[in-house]
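Residue numbers (the working numbering): 69 to 666. Cβ atoms here follow ideal geometry from the backbone N, Cα and C, with glycine treated the same way. Computed from a prediction, not measured in an experiment: that's the story for all the values here. Encoded as structure tokens, the structure appears first; notes follow it.
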RNA sequence: CGGGAUGUAGCACAGCUUGGCUAGUGCGCCUGGUUUGGGACCAGGAGGUCGCAGGUUCAAAUCCUGCCAUCCCGACCA
């Protein structure tokens with residue numbers, strides 16, 4: 069089919085839109101693929117529509133290939149099912165809620181677990197019906213506090229979500245594996261180089277969970293990747309390896325020392341290094357390798373937070389981490405879920421006079437101590453390691469305090485920040501921290517939704533069994549942006565052939581009335597007859613420079629130029645992906661382009 | 001939700017400090033002409049509630065107050 073630029077509904081912009089920061093947003097707007105229509109909402113223009121539809125089609129084909137069946141729910145959903153699972157309230161301010169004329173509550177679906185579960189419950193009742201895999205490609209709504217980066221994070225977006233229904237855990241595992249394999253194929257076809265990372269299943273309450281991330285500086289997710297082995301994990305899911313215990317038999321006895329004016333770790337370290345009577349011993353410092361001087365890694369920092377539990381109660385939690393590391397809020401929240409983390413406020417200190425802000429030490433921490441504060445240690449605080457930490461009185465610290473000898477805790481919690489070059493938990497090599505765009509998420513939901521919504525089937529013995537579910541998502545509109553993030557250069561977009569809106573862009577670059585127009589038309593007709601989608605720049609009165617710039621900006625994988633070479637019987641063929649330019653005799657061009665597009 | 005910035009034509013921006021005559025520039029768009037291999041040129045033209053509301057003033061794009069929106073950083077994000 070021939071699409072003529074003279075009539076195509078598109079307008080390219082010479083300047084970058086001021087609001088766009090990330091490359092995909094900038095280029096998709098500038099090249100006339102999308103237009104902003106609302107905060108976090110974009111209009112798809114014809115070229116953008118074609119990319120979106122091709123992405124959808126790839127997703128659809130791979131889902132169908134594993135035997136999943138497509139359905140389609142309304143986006144406007146009733147409140148009741150979401151009340152039953154608690155998500156009407158649990159989803160918080162991110163849920164778009166609205167009312168009809170009678171004041172009845174509705175929501176715009178942020179994800180459809182409830183509806184799928186009820187649909188299967190509605191129609192199926194026997195183990196013979198299982199497994200069944202259903203999916204939809206749907207517009208989802210989330211009232212994001214801060215939509216940003218164009219398509220990468222909108223309040224309205226297209227997502228493929230599918231759900232598997234199985235009788236038992238083995239079945240769920242098979243469903244999960246099938247989806248995981250389909251996702252690998254989908255992202256390969258989309259031209260996205262994804263990494264699969266372990267993820268936290270969070271409040272959804274499942275067991276296995278993995279995210280498909282497209283590595284990219286504009287991404288919002290942080291993950292680690294081992295430089296040597298194949299370990300990859302979302303930062304929330306990172307578990308540091310076992311740290312060997314330390315022999316503390318040679319460590320001097322713990323003693324309290326005067327440390328006036330040491331409100332921060334750094335001032336404390338400086339003071340210690342000025343004191344000749346306080347020498348570092350081999351068991352001091354678990355993390356830092358420098359033998360002589362004290363460092364922040366020798367100190368034990370005790371961080372206090374309040375946990376807010378689902379029943380509304382609040383309990384304090386103390387976390388001991390090496391002083392050179394912060395507690396990572398995201399990791400902490402993932403670790404204590406479903407409880408939520410609140411700051412330990414002044415009122416919380418006031419009601420516990422035993423806590424001396426800035427000088428908190430293990431002496432007063434622990435469930436069995438009078439204050440009854442649960443005390444968990446970072447895994448780096450191993451048995452036998454000695455620490456400098458607060459002595460629970462202003463201006464005093466204790467040195468050579470040995471874990472296991474001088475203090476104990478209630479357990480271990482791995483929520484300290486993860487750093488670039490931290491050791492890999494499986495092989496010990498260095499971890500690298502990278503950013504990525506979350507493109508897909510697969511996880512084993514388990515029976516949570518089936519249980520509360522009453523999805524049961526009769527097993528072969530005639531007994532009611534609660535169905536176990538999996539949930540699998542692909543960000544479809546986000547994929548368009550992620551592909552653009554990955555496939556562009558200084559000049560513009562460079563679509564992979566699998567999703568490009570057109571196969572080839574034919575440019576007429578001659579003078580009106582010369583042979584270039586007919587040559588281009590003839591080529592376009594031939595390519596079209598072969599089944600290719602041809603974008604033909606047949607605009608009048610547009611200079612060649614503009615045509616070249618537009619062709620590069622619009623990003624079709626192949627550009628053919630009918631220009632001054634036509635007089636010599638050649639056309640110029642540019643491979644936008646490979647970056648090559650070749651001149652070919654006119655009668656060979658069609659075959660070349662068709663072969664390259666296959 | 002906290003911090004910062006911005007809001008003037010389809011796009012990018014100037015003008016605001018120090019209020020004043022018809023609100024400007026470039027790109028894009030329309031008409032005519034000249035051009036035609038890297039975002040052409042000449043001439044003429046269309047297009048604006050200066051984010052919204054209120055206030056101060058003889059007079060407000062400009063000063064004041066409130067609101068709204070957008071972008072960036074952070075918090076949040078199945």
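Cutoff 6 Å; reference residue i; Cβ partners in own chain excluding five residues on either side
i	result
residue 527	195, 533
residue 565	625
residue 439	420, 422, 432
Cα-Cα separation, residue i to residue j
i	j	result
residue 166	residue 621	41 Å
residue 256	residue 311	38 Å
residue 206	residue 180	10 Å
residue 572	residue 296	41 Å
residue 246	residue 541	13 Å
residue 198	residue 267	27 Å
residue 328	residue 462	8 Å
residue 227	residue 639	42 Å
residue 203	residue 539	10 Å
residue 133	residue 253	11 Å
residue 617	residue 559	7 Å
residue 303	residue 517	27 Å
residue 615	residue 233	53 Å
residue 498	residue 314	22 Å
residue 72	residue 606	6 Å
residue 77	residue 114	7 Å
residue 273	residue 514	Low local confidence applies: a pLDDT of 45 at residue 273 is under 50, so the model's placement there is unreliable, with the coordinate-based value given in what follows. Residue 273 and residue 514: Cα-Cα distance of roughly 7 Å.
residue 127	residue 216	25 Å
residue 536	residue 240	7 Å
The alpha helix (DSSP H) enclosing residue i, as first and last residue numbers
i	result
residue 126	114-133
residue 98	91-98
residue 618	612-622
residue 148	148-152
residue 157	155-158
residue 398	397-404
residue 662	654-665
Extent of the continuous beta strand (DSSP E) to which residue i belongs
i	result
residue 282	277-283
residue 340	Element bounds for residue 340: not the beta strand (DSSP E) but the alpha helix (DSSP H), 333-341.
residue 196	Per DSSP, residue 196 belongs to no beta strand (DSSP E) and is neither H nor E.
residue 505	499-514
residue 71	70-72
residue 163	Residue 163 -> no beta strand (DSSP E), and no H or E assigned at all.
residue 458	454-458
residue 605	602-605
residue 481	Element bounds for residue 481: n/a, residue is neither H nor E.
residue 105	102-106
Classification of residue i by the beta-carbon crowding that lies within 10 angstroms, buried from 16 upward
i	result
residue 144	exposed
residue 653	exposed
residue 81	exposed
residue 93	buried
residue 260	buried
residue 184	buried
residue 377	exposed
residue 651	exposed
residue 96	buried
residue 86	exposed
residue 330	buried
residue 578	buried
residue 140	exposed
residue 446	buried
residue 467	buried
residue 89	exposed
Cutoff 7 Å; reference residue i; Cβ partners in own chain excluding five residues on either side
i	result
residue 473	316
residue 355	Here the model assigns residue 355 a pLDDT of 48, short of 50, so the residue's position is not dependable, and the following value carries that caveat. Within the same chain, residue 355 has close Cβ partners 365, 390, 392, 448.
residue 173	147, 165, 167
residue 163	175, 178, 211
Contacting residues, own chain, Cβ-Cβ under 8 Å from residue i (five flanking each side not counted)
i	result
residue 478	434, 435, 442, 443, 444
residue 278	248, 264, 265, 266, 267, 509, 510, 511
Minimum length 3: unbroken beta strand (DSSP E) runs contained in the segment 537-600 = Within the segment 537-600, the beta strand (DSSP E) runs of at least 3 residues that lie entirely inside it are, in chain order, 572-576.
ask   = What are the uninterrupted segments assigned as beta strand (DSSP E) that are 3 or more residues long and contained completely in the segment 290-338, given in chain order?
value = Correct list: 300-302, 323-326.
ask   = Which runs of the alpha helix (DSSP H), 4 residues or longer, sit entirely within the segment 229-264?
value = Runs of the alpha helix (DSSP H) inside the segment 229-264: 237-258.
message = Quick check on the DSSP output: what are the complete beta strand (DSSP E) runs of length 3 or more inside the segment 408-441, in order along the chain?
response = Taking 3 residues as the minimum length, the beta strand (DSSP E) runs contained wholly in the segment 408-441 are 408-411, in order along the chain.
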